[in-house]
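Student: If you're matching positions, the sequence shown starts at -4 in my numbering and goes up one per residue.
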Amino acid sequence: MDALGDYVWPRATSELILLPVTGLECVGVRLLAGRDGTYYQLFVQGGQLQPVLRQKSCRGMNWVAGLRMVPDGSMVILGFHANEFVVWSPRSHEKLHIINCGGGHRSWAFSDTEAAMAFAYLKDGDVMLYRALGGCTRPHVILREGLHGREITCVKRVGTITLGPEFEVPSLEQPDYLEPGSEGPGLTDIVITCSEDTTVCVLALPTATGSAHALTAICNHISSVRAVAVWGTGTPGGPQDPRPGLTAHVVSAGGRAEMHCFSIMVTPDPSTPSRLACHVMHLSSHRLDEYWDRQRNRHRMVKVDPETRYMSLAVCELDRAGLGPIVAAACSDGAVRLFLLQDSGRILQLLAETFHHKRCVLKVYSFTHEAPNQRRRLLLCSAATDGSLAFWDLTTVLDRGSMVLEPAGHPGLPYQLGTPCLTLQAHSCGVNSLHTLPTCEGHHLVASGSEDGSLHLFKLAVEIPELEDAVGEAELVPQLRVLEEYSVPCAHAAHVTGLKILSTSLMVSASIDQRLTFWRLGHGEPIFMNSTVYHVPDVADMDCWPVSPEFGHRCALGGQGLEVYNWYD
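See the structure below:
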């Protein structure tokens, strides 16, 4: 990335965007601000500026005038909103000072110390001075950290960090009021949430307390974020490093057919309330309308609807050396699209698509089939608003279209997925939740939940023809067959928006009827175990994971708020 006078390239995409730089502050990394209402974090690598993260300022501040580091070590944003000068704090998300100066088209100066803050400007030929005691540092007592400003649409667990006794996390509750057994082991779960407010948040949920700490917020999206997927989870120092920490790659997608890929690194930090710090690096982005604009013969193609929404994401990790994972996306325009991530997520390109469903696709879920003396198969399940499920053999698709896996200098037309291996009519209306789990017999349990409150569970067998029995390439495609099939018509009183098979004998479901229900599996149709009422309305997603044999499971539900349940079997 090169600088051209007062202009920079503010993000790592193939499109060059020139913006005037109106502020510059160097604190380990370079922070560049432009007049588009955002500021950029960059660092120097190999003699070039590499972008790290793009962040938005407060709503309405379209003219970012500068950045300042205040005495307490935090950063404030200086800018103009209409006829007012605003000092905004990204840490607390509040306007520290608002000065009616008449607008930004005038000479001005700003200074801040621990004792006071001063802002001088020219107005009608006069030199005006605004002075406030205390500067830009304010003592705050935060009763509860903010999360999202609008509905949470997706919840995804990344992993768990084990902190030693020296990183004891303070509890929001007195020990006398903790429920029996709720102390749990000394673990901290890292969870990602996305919302209609266009942000993606990284949270820390200690199992020993009833607290939730927001580590960072990512504001790269221009519309609502509806789906998130995680891949490449590890530790900062590698598998042999005993120090606590967590690294992962994250893909988020939502409205305006927009998708972003970034990496996160969570490390211990005794100076924060959660005893953790999260570092984010933006890697790549993709928008369907920008992809269409770059086509050479786009006049022969139907333009992609710019209002297309990504409803769900699934990561399909390949077993080929040197190739990144495949990201499957369920789209509101009736398509299932596959994106290829290369160079550790820095290259994101459209690989293949299909319009088999011919209606809005609500869910996608990927899984692998492994059998002795057989090749590992990568399978994808998609669900649409008509209640149908389709299963795709991605291994065969990638073999036939292997040439498109190579990095292309000019993006071409996406590869077509073709015909699915199996289609099922599981429900009479839209499928809002979907999950699969392999069994010890080599089969797969597939569960789905619908808008009519019903659950559908079936056991799927994947049969791959032997090589000596195959006559042609078409016969090498695996055959999918349903062995057992069960349905629970009235499992919930409203949409089933969360579903997960925890084991071959246990399943959990969540619904808009505000009930979290556990089901016993393995004895025919699912058998009701117990149910509890949660307080978050309009739950849009749920994730559940095991903590330990003594502690049981944790369930995170996101909707008009976030609620975490501990469940003991």
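C-beta atoms are modelled at their ideal positions from N, C-alpha and C, and glycine is treated no differently. Predicted model, so just to flag it, every value in this text is computed and none were measured.
1) Leaving aside the five residues before and after Lys567 along the sequence, list all residues of the same chain whose C-beta is less than 8 Å from its C-beta, in chain order.
2) Please work out which residues of its chain come closer than 8 Å, Cβ to Cβ, to Gln169, disregarding the five sequence neighbours upstream and downstream, and give them in chain order.
3) Go through its chain and collect everything with a Cβ distance to Arg341's Cβ below 6 Å, but skip five positions before and after it.
4) For the candidate residues Pro231, Leu557, Arg515, whose alpha-carbon lies nearest to that of Met524?
5) Please report the Cβ distance between Thr418 and Leu384, rounded to the nearest whole angstrom; I am assuming they are in contact, meaning their Cβ atoms lie under 8 Å.
6) Straight-line CA distance for Glu520 to Lys454?
7) Apart from the five residues just before and just after Gly329, which ones in its own chain have a Cβ nearer than 7 Å to its Cβ?
8) Of all the options Gly61, Met123, Arg86, which has the alpha carbon lying nearest to the alpha carbon of Asp67?
9) In terms of DSSP beta bridges, what is Phe386 paired with?
10) Can you tell me which of Ala209, Ala324, Arg251 puts its alpha carbon nearest to the alpha carbon of Thr303?
11) Are the CB atoms of Tyr529 and His430 within a distance shorter than 8 Å?
12) At the level of alpha carbons, what is the spacing between Ala594 and Ala347?
13) Tell me which residues share the same chain as Gln50 and place their Cβ nearer than 6 Å to its Cβ, disregarding the 5 neighbours each side in the sequence.
14) Grouping DSSP H, G and I as helix and E and B as strand, with all else coil, what is Gly444?
15) So, with DSSP's three-state summary, where would you put Ala488?
16) Can you tell me where the beta strand (DSSP E) holding Ala199 begins and where it ends?
17) Candidates Gly240, Asp536, Trp540: which alpha carbon is nearest Arg270's?
18) Please report the Cβ distance between Val245 and Ile259, rounded to the nearest whole angstrom; I am assuming they are in contact, meaning their Cβ atoms lie under 8 Å.
19) How about Cys131 and Cys189: do their beta carbons lie closer than 8 Å?
20) How long is the line joining the alpha carbons of Asp121 and Lys90, rounded to whole angstroms?
21) Looking only at its chain, what residues have a beta carbon closer than 8 Å to the beta carbon of Gln509, apart from the 5 residues adjacent to it on each side?
22) Are the Cβ atoms of Asp284 and Arg371 separated by less than 8 Å?
23) Express the C-alpha separation of Tyr116 and Ile185 in angstroms, rounding to a whole number.
24) Return the chain-ordered ranges of every beta strand (DSSP E) run that is complete within the stretch 491 to 537 and spans a minimum of 3 residues.
Tutor: So, from the data block:
1) It is not possible to answer for residue 567, since the shown part of the chain is limited to -4 through 564.
2) For Gln169, the predicted structure reports a pLDDT of 41, less than 50, and the residue's modelled location is therefore unreliable. The matter cannot be settled from this model.
3) Only Leu278, Ser279 meet the Cβ criterion.
4) The shortest C-alpha separation from Met524 is found at Arg515.
5) Going by Cβ atoms, the distance from Thr418 to Leu384 rounds to 7 Å, so yes, they are a contact pair.
6) The straight-line gap from Cα to Cα measures roughly 11 Å.
7) Around Gly329: Phe350, His352, Lys353, Arg354, Cys355, Val356.
8) Nearest of Gly61, Met123, Arg86 to Asp67, Cα basis: Arg86.
9) Looking at the DSSP assignment, Phe386 forms a beta bridge with Cys376, Leu417.
10) Taking only the C-alpha atoms, the option nearest Thr303 is Arg251.
11) Between His430 and Tyr529, the CB-CB gap reaches or exceeds 8 Å.
12) Outside the shown range of the chain, which is -4 to 564, sits residue 594, and nothing can be said about it.
13) Answer for Gln50: Tyr34, Cys214, listed in chain order.
14) Here Gly444 sits in strand by DSSP.
15) Here Ala488 sits in coil by DSSP.
16) For Ala199, the enclosing beta strand (DSSP E) starts and ends at 195 to 201.
17) The residue with the shortest Cα to Cα distance from Arg270 is Gly240.
18) That pair is a contact at about 6 Å.
19) Taking 8 Å as the Cβ cut-off, Cys131 and Cys189 do not qualify as a contacting pair.
20) Going from the Cα of Asp121 to the Cα of Lys90 covers about 26 Å.
21) Cβ-Cβ distances below 8 Å link Gln509 to Val528, Tyr529, His530, Val531, Pro532, Val534 in the same chain, with the five nearest sequence neighbours on each side left out; the list follows chain order.
22) Contact: no.
23) Roughly 46 Å separates the two Cα atoms.
24) Entirely contained in the stretch 491 to 537, the beta strand (DSSP E) runs reaching 3 residues are, in chain order, 491 to 498, 501 to 506, 510 to 515, 522 to 528.
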